[in-house]
Amino acid sequence: MIGTLIHCHAGYGLTHNMASIDNIEVELTIEIGSAQLPLNRLLQLGRGAFIPLGCDDQKSLEILANGRKIAEGRVVLDGEAVTVAVNDEIAA
23 MIGTLIHCHA
33 GYGLTHNMAS
43 IDNIEVELTI
53 EIGSAQLPLN
63 RLLQLGRGAF
73 IPLGCDDQKS
83 LEILANGRKI
93 AEGRVVLDGE
103 AVTVAVNDEI
113 AA
């Protein structure tokens, strides 16, 4: 899917093959959730404060490439590393 997405964006009149764009940097963002807080509550946040994200631990994470949703995933602990496993790809 990611290769397809890059290929589609590169297809705007360009004749380059995939090898010519293999090294393009793509910013990946993993969105866990979001919250809205009144400004006075935001100003009171300090070390150890909890921010409710309006989701539970079973909710899929959104995986974005350059701000565009490309897949969904879930958090996986791999030893001491926190990783994201891709659950479902989004159709291009």
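Under the numbering used here, residues 23 to 114 are what the sequence shown spells out, in order.
Every residue, glycine too, gets a C-beta built ideally from N, C-alpha and C.
All figures in this text were calculated on a predicted structure; none of them were measured in a lab.
DSSP beta-bridge partners of residue i
{"i": "E94", "result": "E84 and D110"}
{"i": "D100", "result": "A103"}
{"i": "E53", "result": "E84"}
Under 8 angstroms between C-beta atoms of residue i and residue j
{"i": "V20", "j": "G95", "result": "Here the chain covers residues 23 to 114 and nothing more, so residue 20 does not appear."}
{"i": "V106", "j": "L83", "result": "yes"}
{"i": "N81", "j": "I112", "result": "One point to set straight first is that residue 81 is Lys, not Asn, in the sequence displayed. Going by C-beta atoms, K81 is not nearer than 8 angstroms to I112."}
Option in the options with minimal Cα separation from residue i
{"i": "D110", "options": "A93, E102, V97 and V104", "result": "A93"}
Does the pairing of the region 66-81 with the region 38-58 give three or more beta-carbon distances under 8 angstroms? Enough Cβ pairs lie closer than 8 angstroms, so yes.
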